[in-house]
Amino acid sequence: MDSQVMVALALSLVGGLSTSLGALFVIINPAPNLKMLGLLQGFAAGLMLSISFFDLAHNALNSLGFLKGNLWFFAGVIFFAVIANFIPEPTLTPTSDVKNRKKKGDEGGKDIMKKHRQQVLFSGIITAVGISLHNFPEGMAVFLGSMKGLRVGINLALAIALHNIPEGVAVALPVYFATQSKWQAFKLASLSGFAEPLGVIIVAYLFPSSLNPEILEGLLGSVGGVMAFLTLHEMLPLAFDYAGQKQSVKAVFFGMAFMSASLYFLSISLPEEISL
């Protein structure tokens, strides 16, 4: 059993480290301008919404039924809506105001840009938390897949690795813009990927073999509610402010389509007994 756990752990590290690869794509390029940041934030919001609705909430509804699945989902929404009231955050200031004040030589322009960076950093941390929560059950799936056979585990790990690359971009980009630190962007993206091997460790050693699947699906449904709230409350307004509503909405749907395709190819690589 221990050797199987080590194999699963190694495979999950491949998937987890692919978030670092996504971060590398960000830090080897120059820092994006505000409009590009807004478009990419919209893309990241689409990734998060797709994971939330088409993966976590969808599985909860299928497993628990419409009523219970919705109760778990909205429990997550309400939980984080309450938490968000206690999180201090700077108010958004239109980017046009920043440009106008800079043109006029207003000393307050630097303060406004600082608030922009704080807001973007907050968004990046939110994305990292949401993606970490999503990666956790992926680690569990890699473990269960590798228990069925090495071929299944390898196929699953590679599929997860491919779809984790844009997740690494989604985490690293706002952090790099806000901090101007390549190391901070790379570190936070990599940490979000380490939730995957953590999922292997926890399911292998801490949970009993008879883990109640209904409770697990309910908790993952709540995670979907948390991610949906965070995306709509934080990331989408930021994208609208920087890139405009029309362009941002297009970026959101592009991100949703990208992640949905990724989830599809991931699902067809799973045996029928295992789902994310």
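Heads up: the sequence shown begins at 1 in the working numbering, then just goes up one per residue. Just so you know, even glycine gets a beta-carbon here, dropped at the ideal spot from N, CA and C.
Item                                                                                                                                                                                           : Value
Do TYR81 and PHE73 have their CB atoms nearer than 8 angstroms?                                                                                                                                : Checking the sequence, you will find Ala at residue 81 rather than Tyr. No. Outside cutoff.
Can you tell which of ALA141, VAL129, GLN119 has the C-alpha that lies nearest to the C-alpha of ALA239?                                                                                       : GLN119
Go ahead and pull the three-state DSSP assignment for ASN135.                                                                                                                                  : helix
Look at the Cβ atom of PHE186, then the Cβ atom of ILE28, and state whether they are nearer than 8 angstroms.                                                                                  : no
If you run the structure through DSSP and keep just helix, strand and coil, what is SER181?                                                                                                    : coil
Please tell me whether PHE194 and GLY16 are closer than 8 angstroms, where the distance is taken between their beta carbons.                                                                   : yes
May I ask which residues mark the beginning and end of the alpha helix (DSSP H) holding VAL77?                                                                                                 : 66-84
Please report the straight-line C-alpha distance between LEU216 and LYS68, rounded to a whole angstrom.                                                                                        : 13 angstroms
Are the beta-carbon atoms of LEU263 and ASP55 separated by less than 8 angstroms?                                                                                                              : yes
According to DSSP, is PHE194 part of a helix, a strand, or is it coil?                                                                                                                         : coil
Given that a residue counts as buried once 16 or more other Cβ atoms are within 10 Å of its Cβ, and exposed if not, what is MET6?                                                              : exposed
Out of LEU47, VAL203, ILE125, which one is the CA nearest neighbour of PHE258?                                                                                                                 : LEU47
Who are the Cβ neighbours of PRO94 in its own chain at under 8 angstroms, not counting the five residues just before and after it?                                                             : At PRO94, the pLDDT of 44 sits below 50, so the modelled position is not reliable; the number obtained from the coordinates is stated separately. Same-chain partners within the cutoff: ASP241.
What alpha helix (DSSP H) runs, 4 residues minimum, are completely inside the stretch 208-235?                                                                                                 : 213-230
Considering only C-alpha positions, which residue in the set SER132, ALA141, THR19, PHE122 is nearest to SER52?                                                                                : SER132
Using three-state DSSP, classify ILE255 as helix, strand or coil.                                                                                                                              : The amino acid occupying residue 255 in the given sequence is Gly; Ile does not appear at that position. Residue state, collapsed to three classes: helix.
If I measure Cβ to Cβ from LEU13 and keep anything under 6 angstroms in the same chain, skipping five residues before and after, which residues do I get?                                      : PRO197
When you compare the CB positions of GLY22 and ASN164, do they come within less than 8 angstroms of one another, or not?                                                                       : yes
CA-CA distance, PHE25 and VAL169?                                                                                                                                                              : 7 angstroms
Please work out which residues of its chain come closer than 6 angstroms, Cβ to Cβ, to PRO90, disregarding the five sequence neighbours upstream and downstream, and give them in chain order. : Because the pLDDT of PRO90 is 40, which lies under 50, any placement of that residue in the model is unreliable, and the number read from its coordinates should be weighed accordingly. Answer for PRO90: LYS115, GLN118, GLN119, listed in chain order.
For GLN41, count neighbouring C-beta atoms within 10 Å of its own C-beta (all shown protein chains included) and say buried if the count is 16 or more, exposed if not.                        : buried
What residues in its chain sit with their C-beta under 8 angstroms from that of GLY221, if we drop five residues either side in the sequence?                                                  : LEU56, ALA57, ASN59, ALA60, LEU61, LEU64, GLY69, TRP72, PHE73, GLY76
Taking the CB atoms as reference points, tell me whether SER190 and SER20 lie closer together than 8 angstroms.                                                                                : yes
Considering only the alpha carbon of each residue, which of LEU39, LEU11, ALA8, LYS35 lies closest to VAL249?                                                                                  : LEU39
Closer than 8 angstroms by C-beta to LEU121: which residues in its own chain qualify, once you throw out the five before and the five after it? Chain order, please.                           : PRO174, VAL175, ALA178, THR179
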